[in-house]
Amino acid sequence: MDNKVKKAVILVDDEILLIMTLRMEMQRHYGDAFRVETATRAERAEALLTELIDSGVMVVLIISDWSMPGMRGDALLERIRSKDGTIKTILLSGYACDDSVRRLYDSNCLDAFVAKPWTEETLFGTVDRLLSAG
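Plus 335 on top of the position in the sequence shown (first one is 1) and you've got my numbering.
Laid out in structure tokens, this is it:
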């Protein structure tokens, strides 16, 4: 990956195989348009976000699982949105609580929900729509 790329996407999921698959799909679909970074815990994703911003990289999207050890994805997205309202957010989950998803939408902390298992068409259609909306 080109270290000069100034836009990044952060993928957050505690399932290693899933996050590596998603990373490969993102790289295949978008090429070098974004740095694709991964974190297996929400707390690490938050630290990674700070590191990227401090190094001059603009994080444009965070795709997070809901159910993870420690901080859940909904709490992560709330914290991210309170720090930077411009970062687009997708909750990618097979187990998300409807109330949590509704609360995230109502508080403007979630831009899209994609159910697992996802199709590339659904996920990347959602990503394209969010990123083209600015």
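Here a beta-carbon is modelled for each residue, glycine too, at the ideal position from N, C-alpha and C. On a predicted model such as this, the values are computed, not experimentally measured, just so you know.
- Under the three-state reduction of DSSP, I415 is assigned to helix.
- With the rule of 3 Cβ pairs closer than 8 Å, the stretch 396–412 counts as touching the stretch 423–433.
- V347 is positioned such that its CB atom lies no closer than 8 Å to that of D409.
- In the DSSP assignment, the residues bridged to A447 are I425.
- Here the alpha carbons of R376 and P404 stand approximately 7 Å from one another.
- Contact between L387 and E372 holds, since their C-beta atoms are separated by about 7 Å, short of 8 Å.
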